[in-house]
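In this note's numbering, the protein residues as written are 1 to 128.
Think of the CB as a built atom: it goes at the ideal place given N, C-alpha and C, for glycine as much as any other residue.
Written out below as structure tokens is the structure these notes cover.
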């Protein structure tokens with residue numbers, strides 16, 4: 001609104017508010033009232049802007065933390081995959097070792113057989 005129009009508006013539309021301290025009606029300049037309301041709105045927007053900036057900072061921090069967590073999870077998944085491969089290899093080697101051991105004689109059995117052979121030899125040599 002232009003300055004001239006505002007002056008005409010103020011003259012033709014005075015805002016009347018009753019006062020609590022007296023019964024007299026006071027006229028409030030609509031321009032002053034509008035300015036006061038506008039200042040309140042500006043103040044509210046400033047507070048809102050500060051809150052929004054705080055929230056943006058928080059979101060930035062959370063995004064960084066989330067990125068770090070994603071990287072850690074990826075590293076854990078890679079480590080887990082490597083461990084699974086290692087475990088699979090160990091299982092295969094264990095099966096091979098078991099197969100070899102079943103083909104070999106038990107050490108205790110060999111010791112017992114050697115003792116028996118020694119006794120038999122002693123018995124045979126004593127008989128000669």
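Ignoring anything shorter than 4 residues or poking outside the region 47-88, list the alpha helix (DSSP H) runs there in chain order.
For the region 47-88, not a single whole alpha helix (DSSP H) run of length 4 or above is found.
Residue 111 versus residue 120 - alpha carbon distance: As a working note, residue 111 is residue 111 in the chain shown. As a working note, residue 120 is residue 120 in the chain shown. Straight-line Cα distance between these residues: approximately 14 Å.
Helix, strand or coil for residue 111? Go by DSSP, reduced to three states. Within the chain shown, numbered from 1, the residue matching residue 111 stands at position 111. Here residue 111 sits in helix by DSSP.
| query | Sorted by chain position, which residues of the same chain lie with C-beta nearer than 7 Å to residue 40's C-beta, five sequence neighbours on each side aside? | reply | Counting from 1 along the chain shown, the entry for residue 40 is found at position 40. Here the set comprises nothing.
### Query
What's the gap between the Cα of residue 148 and the Cα of residue 92?
No information on residue 148 is available, as it lies outside the stretch 1 to 128 that the chain covers here.
- Task: Look up residue 27 in the DSSP assignment and say whether it is helix, strand or coil.
- Result: Residue numbering aside, residue 27 sits at position 27 when the chain shown is read from its first letter. The answer is strand: DSSP assigns residue 27 an E or B state.
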